[in-house]
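A short worksheet on the structure shown next.
Number of protein chains: 6
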Amino acid sequence: MSFNLYKNSFLCSSNDYENSKVVLAGIPMDFTVSFKPGSRFGPSKIREVSVGLEEYSVYQDKNLFNKVFCDMGDLELPFGNVGKCIDIIYEFAKKVFNDGKTPIFLGGEHLISFPLIKAAKEIYGDLVVLHFDAHADMRDDYLGEKLSHATVMRRAGEVVGFNNLYQFGIRSGSEDEISFARENSNIFFVYEIENLFEIVKKLKNKKVYLSIDIDVVDPAFAPGTGTPEPGGLTSSQFLEIILKMKDLSVVGVDVVEVSPYYDISDRTSLLAAKIVRELILLIE
Amino acid sequence: MSFNLYKNSFLCSSNDYENSKVVLAGIPMDFTVSFKPGSRFGPSKIREVSVGLEEYSVYQDKNLFNKVFCDMGDLELPFGNVGKCIDIIYEFAKKVFNDGKTPIFLGGEHLISFPLIKAAKEIYGDLVVLHFDAHADMRDDYLGEKLSHATVMRRAGEVVGFNNLYQFGIRSGSEDEISFARENSNIFFVYEIENLFEIVKKLKNKKVYLSIDIDVVDPAFAPGTGTPEPGGLTSSQFLEIILKMKDLSVVGVDVVEVSPYYDISDRTSLLAAKIVRELILLIE
Amino acid sequence: MSFNLYKNSFLCSSNDYENSKVVLAGIPMDFTVSFKPGSRFGPSKIREVSVGLEEYSVYQDKNLFNKVFCDMGDLELPFGNVGKCIDIIYEFAKKVFNDGKTPIFLGGEHLISFPLIKAAKEIYGDLVVLHFDAHADMRDDYLGEKLSHATVMRRAGEVVGFNNLYQFGIRSGSEDEISFARENSNIFFVYEIENLFEIVKKLKNKKVYLSIDIDVVDPAFAPGTGTPEPGGLTSSQFLEIILKMKDLSVVGVDVVEVSPYYDISDRTSLLAAKIVRELILLIE
Amino acid sequence: MSFNLYKNSFLCSSNDYENSKVVLAGIPMDFTVSFKPGSRFGPSKIREVSVGLEEYSVYQDKNLFNKVFCDMGDLELPFGNVGKCIDIIYEFAKKVFNDGKTPIFLGGEHLISFPLIKAAKEIYGDLVVLHFDAHADMRDDYLGEKLSHATVMRRAGEVVGFNNLYQFGIRSGSEDEISFARENSNIFFVYEIENLFEIVKKLKNKKVYLSIDIDVVDPAFAPGTGTPEPGGLTSSQFLEIILKMKDLSVVGVDVVEVSPYYDISDRTSLLAAKIVRELILLIE
Amino acid sequence: MSFNLYKNSFLCSSNDYENSKVVLAGIPMDFTVSFKPGSRFGPSKIREVSVGLEEYSVYQDKNLFNKVFCDMGDLELPFGNVGKCIDIIYEFAKKVFNDGKTPIFLGGEHLISFPLIKAAKEIYGDLVVLHFDAHADMRDDYLGEKLSHATVMRRAGEVVGFNNLYQFGIRSGSEDEISFARENSNIFFVYEIENLFEIVKKLKNKKVYLSIDIDVVDPAFAPGTGTPEPGGLTSSQFLEIILKMKDLSVVGVDVVEVSPYYDISDRTSLLAAKIVRELILLIE
Amino acid sequence: MSFNLYKNSFLCSSNDYENSKVVLAGIPMDFTVSFKPGSRFGPSKIREVSVGLEEYSVYQDKNLFNKVFCDMGDLELPFGNVGKCIDIIYEFAKKVFNDGKTPIFLGGEHLISFPLIKAAKEIYGDLVVLHFDAHADMRDDYLGEKLSHATVMRRAGEVVGFNNLYQFGIRSGSEDEISFARENSNIFFVYEIENLFEIVKKLKNKKVYLSIDIDVVDPAFAPGTGTPEPGGLTSSQFLEIILKMKDLSVVGVDVVEVSPYYDISDRTSLLAAKIVRELILLIE
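Protein chains in written order, with the working numbering: chain G, 1 to 284; chain A, 285 to 568; chain H, 569 to 852; chain D, 853 to 1136; chain Z, 1137 to 1420; chain L, 1421 to 1704.
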């Protein structure tokens, strides 16, 4: 048929995997066997609202029309089976990194960053992780579980080396995990966000993976998330930070914990979509 | 690539147009140039929530797994240009009917029924339209416009003949349009819904097109719609009516006016998805 | 100036008090000194959504265009001073009844019915009150207060005589008040609603005041109210009841306890507006 | 201190476990390690809104003031560890049944019914389970898991014998589980609800456990639940059913799947609280 | 009658057109033939919530009580007929400007600014437009339409001269329109907002028209709007900007794109009302 | 019984009044006889969401686990009887202060601060009140009432001496009350917030009572409140202010006007809970 029919895809994206440098994929895992709760619908909503944005960015004076990038849809996952999910995500990420793509993964919950970072590490060897979040996510286990949204950066740090982990915007954590982070990773609390600009300069020649939990932004700007924590960044502050990433060599990105059901205004998803647009435009 | 990736599609649907008898397509037209308001996001939400249903129907003891049907995604439309939209929808519908398919169109606003019914009429010749709605939609023009969601059944009646138009659940209309309907079409007000069961018997050998405005159901059961009108059917009543359709020879269907933004519980979209599931199962 | 400018008024209403039989007025009292909570905004929202209805009623085959009725706006009240509010409402109602009008008062909370009924009683002498509500509102006092939304029908009964008070749809009350109602007024619980049709026949030659608490309808159909009580009527049932009122000699009406903030779908206000439209049309 | 201080408890409840026949307890399990999603907050919200009801029931002409019953608060559970949760719930239920109490458990998700029914079975030997739900919950496993909200009635049936399991209001299930239920348990679909009244008569001399998933009621009446399914009972219908339970010898109850976050009107929690009030009043 | 009755009007406003310098009027146009979607209800909601503010401003130490200004209500418009709407708005504005008033128009959608600015230009000859918005609104046409909310500042610039158009807070636009604005108008992106203070000094002797799209403020502060765009001003920043306007000779104002339905907290309408209060107070 | 059962209490709190320095108590007064509207449910919601926070504070590097503090639940109040409520609250506060505790009271509406401050004054003699609010609350009477949420700081000032009253964040008030405050108390408008840091230094040796109306924060960060006023502090700014309180000798605190029903995201309650956590940690 010759009619134009589309499925829900990110603004201006194509299906052309081969010729795309940047590749979008949704990872709708949220650990729960029931129907509605949470970030499972994040990728779908981010795509949906992305059409409310312009293809052109006034910040970068660049246009998505001039980029070939593809939106692969959502990865199919066996909900409820954490282990198998992790494996599938890992295999998928490995393939994408192997193909030389720069993936932008849309969560889903934060645990997905672990297999993604692991795959990136295996391809790139030397890898720095920049982690934006309200929560440190540095527990060794959570209620006995080693793999949890609350342990993901501990696992990631074990993979890339804690000295290669930079955490920004943090304003919540258990005493143990914060203590661990202070000793091992590079943790910057929300009131130390200015340090980021120095760090970015320092990391110019490194391969960088960005892990963005939307709750790094204050719940006034991003109410649609599972564990909102007051006292966060403004959306303007965070967009400024995102634009700073153009000085880095970004090899992979995830944007996680967007839970559309808690935000009838959709500004959380819109902010996520805008972050994604800016990232697509600044990745070479 | 060999990974399973999916885009937002209706529960259990495939991409196999050739082998599908039933074909789903979204028609996200809502006449408005701005971003958010309304039924434009109906098809996408209906697909999204459909995964919260089972593939199996206890009402019909049938299973979507045993059906080959495809979800074609949404038709791409030049928003704001009513005339061109109508043309594109008409051409698309004509193709689908020509291919011998039984389409289920997801709106979008009610005006889309006009090109759909026109296309069906041209293929099937003798056609009966069953119209479920709170509103008669029988104005000759609306603020001077001949093509409007408020005139759609007047236009449809001109195409199929008003004697072939049956309207059910009606509880709102201007004096003129109701008067016109009383004289020309077969109109049954909401308190006359029982007549439907007799009508269905009478229409057994006819080709039938179903046009379902979700607001035929009371806003308690379907709050997510643009012009809610109290005093409607219950969802149970309407599901019972849908099941009666199995005695008819249904050649096309539309389900329109689902506006997800006005219903945070998603029960409107869920009801629409359940209606669609039952219709897929009862169409031979 | 010759431009058409309007203020928020009920669908199809005029400013012509002199020539109007039916007169609408809002009584935005809700007992509370703070800004937002409750039925204070009921009248304004009912007017606003009324334009979403048609002027014509399919139920009665009558048209508001053929009626002269006026919407006087909202009565200005000293919020927080119950006694003075009651006085102002009473004086206002007295004037309207004295002028031979049939007022439809939009609440506001239920206590407003007391001064309204008192004024009606003084003009009409022999008066029957039909009370539709989930709650009996028959306490002698509430936390020591004689004038409260929970005592309003006790006060009203003292004025018109309890034998002239008919209560329908009741499904909540304290043991004392229900016991009092069983002995003194004519109380019909929600599961006895069918009795209404007999009562209406019996009251044909009486002057009747209708006091309608929107919560008589189930919160599925009217979630926008202060004290929702599950197990109520459907909107269809209640519209049928309203239509039965055409056999009565209705001299005054109030529709109370619409709290728009608890209903983003506006179906509560729409139902109230539809009730008002039908009442305007059936009052001679 | 002599001041009256209270914690959030059910309307009119005491702390007097010893002298209470009926005992309320919350089981805030919802399988998920994150903060917000779901029925975890059900018990707390049901207690909170219960004070919006009267202590007196017009349906039974009985008063909670004349009942000694206690509200024990919520059971403390290790969130995320399904097995340990089940054990704790089981031990707790065993103790309560052993003490000769009639517990009313507030969920939480439906899986909690399994340890509760198991404990009841061990104390009472011969036990009938009446199950009210939109979903059959009769899968043998769900994504490989034997213990899931989707398998709970399969597990319960294995404990009490499928012939002792009666299921009402069902309108959703996989083909396999419905087929299994048709062959093994006593399943009545939503359109067969009238059969309940006959069944109740038949079960008069039996010890009965009631398992009530709030989604048996239509989402119009109970939108605050995790897996809403259109086409359900009205709240009036279900209250009538609850009142029928007075002819049975009820030894235990659970009311599950109330998810307050999806219902800003709180009518779901109010309905659950009203059901609980009526059950307390009808249990001898 | 001597009773105080009021219709929904702005806090402290009168009906005295003759003696008012400042005149408020609602322009409830939102281009759409259906009932609910959008800014049509903006003026009515802004009036409604205005009573939640004080008449006195701590920022200016001035009091509305000392100002005579009138609220004329909403202009009656033929919904759906763009051309006729524009004509009516234009004629109305012309009259108001001719009478020497300083109007504050409440939208409605942004297109209304075109006839308003055109009328102002014709009266005042030399006119500067200050435009506050997230979007440039500088397209030459939008989907072929010359008159659209997306083209309004292009049309306005053609009327007043692009050199007289100053745009602030912009953070979204197509490449073409931004490029056009860069070359022709005076455009300042959101991160250049500080330039405003210099510009204001420069414009001291000019007649100035203010066109304020509420979405210039971040959706955290103004979620109730049709096309929210993250990364905007805070409400404090924008109030500070409004207060700077006292150094200018403001001859007309519009405040547009308030869509109350997307903001249950009403803070968008409250912010609009507060902006209007401050503007009334600072206009001589 | 040996099972762990809990009632809704603040994160990490105990029941051990004797050994607690800090004591939490809810004062659910909101002046209104009806069910739902407002801050009555504030304390309960603050407790509920507190479990979404960590026990550890990254700001102070301190842990609630190392603090013994108790949550006494909510004070039982005769709703609707203002005078008696004030008496009960006063007696309760007197007892707590007498026992040498540092109470943190959770409102409820702002009027509760009057009896609380009165009790504190009587125990501590020399007392300074720090008042954080959008509104001055300095009226002498409100609609004739001396005791009102709008007069509370006038009453408080009469008790402690207006020179001992410091007001921060104010951005709304009547002309009279602001004028009174300017002459008598120490009032700092929202744009003068920086002065707080100097004031804190000056008050180091004083006994200080903190009265925190959550609406001091902008409604973007705290939409769940009764009288939102745009133009307020960010949550980050206010958390920074709270941390400054560690330099003071805080003897009592209230956090008032949290109205959970207007904030489905719960970020208002979360912010209140976070403020409470920080205050518990900084009180010696």
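Virtual Cβ for every residue (Gly too), placed ideally from N, Cα, C.
- prompt: In the segment 913-955 of chain D, which residue ranges form an unbroken alpha helix (DSSP H) of at least 4 residues, counting only runs that do not cross its ends?
  reply: 934-950
message: If I measure Cβ to Cβ from A1124(D) and keep anything under 7 Å in the same chain, skipping five residues before and after, which residues do I get?
response: I898, I1066, V1107, V1110
query: Closest Cβ-Cβ distance between K246(G) and chain Z: below 8 Å?
result: no
- request: Verify the CB distance criterion: does I264(G) have a CB-CB separation below 8 Å to chain A?
  value: yes
field: Proximity of H1285(Z) and D1276(Z) at Cβ, strictly below 8 Å
entry: no
- prompt: When you check each C-beta in the segment 126-154 of chain G against every C-beta of chain D, which residues fall closer than 9 Å?
  reply: Y142, L143, G144, E145, S148, H149, A150
task: Count the CB pairs spanning the segment 908-925 of chain D and the segment 872-884 of chain D that are closer than 8 Å, and state whether there are at least three.
output: They touch, by the three-pair rule.
- prompt: Helix, strand or coil: which one does DSSP assign to G741(H)?
  reply: coil
query: Of all Cβ atoms in chain H, is any one closer than 8 Å to the Cβ of N1604(L)?
result: Closer than 8 Å: no.
query: First and last residue of the beta strand (DSSP E) that includes G1446(L)?
result: 1442-1447
task: Consult DSSP for S625(H) and reduce its assignment to one of helix, strand or coil.
output: Three-state DSSP puts S625(H) in a strand.
task: Would you list, in sequence order, the uninterrupted alpha helix (DSSP H) runs of no fewer than 4 residues that lie entirely inside the segment 1578-1661 of chain L?
output: The DSSP assignment places complete alpha helix (DSSP H) segments of no fewer than 4 residues inside the segment 1578-1661 of chain L at 1595-1604, 1615-1622, in order along the chain.
- request: Report the residues of the segment 39-67 of chain G with a CB closer than 7 Å to any CB of chain A, ordered along the chain.
  value: F41, S44, E48, G52
query: By Cβ distance below 7 Å, which residues in the same chain neighbour N98(G) in space, the five residues on each side in sequence not counted?
result: I123
task: List the whole-angstrom C-beta distance separating K1626(L) from V1548(L), where the pair is believed to meet the contact cut-off of C-beta under 8 Å.
output: 5 Å
message: Using a Cβ-Cβ cutoff of less than 7 Å, which residues in the same chain neighbour S803(H) once the five nearest sequence positions on both sides are dropped?
response: Excluding positions up to five away in sequence, the list reads V785, F789, L839.
Whole-Å CB distance - Y734(H) paired with H699(H), under 8 Å assumed: 7 Å
- request: Under 6 Å Cβ to Cβ from S265(G), same chain only, skipping five residues before and after it: list those, please.
  value: Apart from sequence neighbours up to five positions away, no residue of its chain approaches S265(G) with a beta-carbon distance below 6 Å.
message: Quick check on D1262(Z): buried or exposed, where buried means 16 or more other Cβ atoms within 10 Å of its Cβ?
response: exposed
task: Would you list the one or two residues that DSSP bridges to V696(H)?
output: V776(H)
- prompt: Can you list, in chain order, the residues of the segment 201-217 of chain G whose Cβ is nearer than 9 Å to any Cβ on chain L?
  reply: none
Beta strand (DSSP E) segment containing V539(A), residue limits: 533-540
Cα-Cα separation between S553(A) and G1013(D), rounded to whole angstroms: 38 Å
- prompt: Is the beta carbon of A134(G) less than 8 Å from the beta carbon of E240(G)?
  reply: no
- request: Check whether the Cβ atoms of G83(G) and P28(G) lie closer than 8 Å to each other.
  value: no
query: So, L1283(Z) versus L1252(Z), is the Cβ gap smaller than 8 Å?
result: no
- request: For F1316(Z), count neighbouring C-beta atoms within 10 Å of its own C-beta (all shown protein chains included) and say buried if the count is 16 or more, exposed if not.
  value: Per the 10 Å Cβ criterion, buried.
- request: Answer yes or no: does any C-beta atom of chain H fall closer than 8 Å to that of P362(A)?
  value: no
Contacting positions in the segment 8-27 of chain G - beta carbon closer than 8 Å to chain A: Flagged, chain order: N8, S9, Y17, A25.
- prompt: If we cut at 8 Å on Cβ distances, does F452(A) have a partner in chain H?
  reply: no
query: With a cut-off of 8 Å, does the C-beta of N1047(D) fall near any C-beta of chain G?
result: No, because no Cβ of chain G sits closer than 8 Å to the Cβ of N1047(D).
- prompt: Near K1622(L), what residues of its chain come up, given a Cβ to Cβ distance below 7 Å and the 5 sequence neighbours on each side ignored?
  reply: none
field: Within chain Z, the residues that S1594(L) reaches when beta carbons sit closer than 9 Å
entry: E1190, E1191, Y1192, N1199
query: When DSSP labels each residue in this structure, what does F1146(Z) get in the three-state scheme?
result: Coil.
- prompt: Does any residue of chain L bring its CB to less than 8 Å from the CB of F1316(Z)?
  reply: no
- prompt: Would you say A840(H) reaches chain D, if we count a Cβ-Cβ gap shorter than 8 Å as a contact?
  reply: no
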